[in-house]
Amino acid sequence: MATPVKKPDSLSKMFNERIVSTRSDRVIRKKAIKLGDYTLVPYEDSRCKITLSDVQCSNAAGPCEIDPVSRIFSQSFDGNVLIGDSDSYIDKDFELILQQMCCGEVCEASIAYKNGDGTVMKEIRCKIELREVTEEQLISDWSWERLYEASVHHKERGVDLIKQGRTADAFRRFNKALKMLIAIEPVDPKVVSEQVVKDMIELKVKLYNNLAHCQLQYDEYEAAIELCEKALKFDPVNVKALYRKCTAHSGLHMYEEAWKDIQEALRIEPNDKAAQLKANSLIPKIEKINKDYTTVIKKMFG
Numbered sequence: 001m002a003t004p005v006k007k008p009d010s011l012s013k014m015f016n017e018r019i020v021s022t023r024s025d026r027v028i029r030k031k032a033i034k035l036g037d038y039t040l041v042p043y044e045d046s047r048c049k050i051t052l053s054d055v056q057c058s059n060a061a062g063p064c065e066i067d068p069v070s071r072i073f074s075q076s077f078d079g080n081v082l083i084g085d086s087d088s089y090i091d092k093d094f095e096l097i098l099q100q101m102c103c104g105e106v107c108e109a110s111i112a113y114k115n116g117d118g119t120v121m122k123e124i125r126c127k128i129e130l131r132e133v134t135e136e137q138l139i140s141d142w143s144w145e146r147l148y149e150a151s152v153h154h155k156e157r158g159v160d161l162i163k164q165g166r167t168a169d170a171f172r173r174f175n176k177a178l179k180m181l182i183a184i185e186p187v188d189p190k191v192v193s194e195q196v197v198k199d200m201i202e203l204k205v206k207l208y209n210n211l212a213h214c215q216l217q218y219d220e221y222e223a224a225i226e227l228c229e230k231a232l233k234f235d236p237v238n239v240k241a242l243y244r245k246c247t248a249h250s251g252l253h254m255y256e257e258a259w260k261d262i263q264e265a266l267r268i269e270p271n272d273k274a275a276q277l278k279a280n281s282l283i284p285k286i287e288k289i290n291k292d293y294t295t296v297i298k299k300m301f302g
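Structure, rendered in structure tokens:
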């Protein structure tokens with residue numbers, strides 16, 4: 001009777017279930033059931049074609065919805081994933097699994113989300129086949145044209161997310177767009193036209209303003225002020241940056257600084273309705289500050 005051939009230990013381990021990523025609120029696991037080409041692994045900006053099957057989502061009460069904003073687990077998913085281009089937190093976690101797979105590999109995967117005491121609130125199980133991986137250039141090797149195009153793409157996607165009320169996802173897009181833009185620097189005037197340089201500066205100002213808007217939604221006033229000041233460094237008469245800086249100063253109860261901001265905005269755009277309303281809302285605060293100051297002076301000098 002023939003002796004069965006044992007798989008090498010290293011190969012056997014590859015078929016064992018292993019943890020891809022873990023946090024206190026989430027654990028991602030995968031188990032290979034068919035190996036692929038270990039020389040071809042997805043990384044940031046790689047384009048992947050996958051087949052997704054046997055999808056199940058459950059909690060203690062039974063089957064449940066995955067996430068209405070997930071693209072990968074939606075019925076309209078076309079099997080294409082661009083690593084680093086997801087917005088839904090579940091899709092981002094799914095990308096982590098793909099980055100631990102080889103082209104041609106088939107695996108069983110699970111993503112378990114837990115609450116504060118460690119109870120699993122939602123677990124997604126599925127089978128993934130990574131059919132194709134298109135290798136892309138490393139971002140460090142991208143041309144300035146491609147970096148600029150990518151920056152515009154992420155900025156526009158961020159604006160769409162803001163309209164959907166997905167501030168945190170929009171913030172990540174705006175931040176990524178800014179990184180792409182900064183990666184172009186220093187700009188070579190022999191290669192990039194003067195008009196394009198102006199467009200880049202305008203885009204940078206918009207991104208700083210958009211990031212400040214996101215920070216204000218979470219009452220991160222100091223961060224918002226810093227971003228507005230960066231925008232004003234490139235465009236000192238930017239009314240939107242002055243308005244948001246005023247809002248941040250107001251949030252910190254720094255009303256005199258806020259008044260200075262909004263007065264500068266109104267000097268630039270006297271008919272700006274939002275700035276007028278903001279100034280009117282600050283008048284009682286400024287009057288009280290002046291009244292309190294007068295009272296102190298009277299007490300000091302009798």
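Reminder that position 197 of the sequence shown reads as 197 in full-length UniProt numbering, one-by-one numbering, no gaps.
Built from N, CA and C at the ideal position, the CB exists for glycine as well.
Practice item. Please check the pair Asp-261 and Lys-245, which I expect to be a contact at CB under 8 angstroms, by giving their CB distance rounded to whole angstroms. Key: 5 angstroms
Point to revise | Under the three-state DSSP convention, the category Asn-210 falls into | key: helix
**Study point:** Residue environment, Lys-291, which counts as buried when at least 16 other CB atoms sit within 10 Å
**Key:** exposed
Review point. Secondary structure at Tyr-43, three-state DSSP: helix, strand or coil?
Key: coil
Review point. Where do the N-terminal and C-terminal ends of the beta strand (DSSP E) with Tyr-113 fall, by residue?
Key: 106-114
Practice item. Tell me whether the beta-carbon of Thr-167 lies closer than 7 angstroms to the beta-carbon of Cys-214. Key: yes
Review point. Where do the N-terminal and C-terminal ends of the beta strand (DSSP E) with Glu-65 fall, by residue?
Key: Glu-65 -> no beta strand (DSSP E), and no H or E assigned at all.
Point to revise | Three-state secondary structure assigned by DSSP to Thr-119 | key: coil
Point to revise | Met-1 burial status per 10 Å Cβ neighbour count (16 or more: buried) | key: With a pLDDT of 45 at Met-1, under the threshold of 50, the predicted position of this residue should be treated as unreliable, and no value is reported.
Practice item. Could you say which of Leu-138, Asn-210 and Ile-66 lies nearest to Ser-58 if we only look at CA atoms? Key: Ile-66
Exercise for review: Whole angstroms is fine: what's the gap from Ala-279's alpha carbon to Gln-263's?
Suggested key: 7 angstroms
Check your understanding: Would a C-beta distance cut-off of 7 angstroms place Ile-268 and Val-237 closer than the cut-off?
Key -> yes
Review point. How many Å lie between Trp-144 and Ser-53 at the Cα?
Key: 39 angstroms
Check your understanding: Whole-angstrom Cβ separation of Lys-155 and Leu-207, contact assumed at under 8 angstroms?
Key -> 6 angstroms
Review point. Assuming Ile-50 and Leu-130 make a contact with CB atoms under 8 angstroms, what is their CB distance in whole Å?
Key: 6 angstroms
Check your understanding: Helix, strand or coil for Leu-52 per DSSP?
Key -> strand
Exercise for review: Inspect the CB distances between the stretch 240-258 and the stretch 217-226 and report whether three or more fall short of 8 angstroms.
Suggested key: yes
Review point. Just how far apart, CA to CA, sit Ala-239 and Ala-275?
Key: Sequence inspection shows Val at residue 239; the Ala mentioned does not correspond to that position. Answer to the nearest angstrom: the Cα atoms are 8 angstroms apart.
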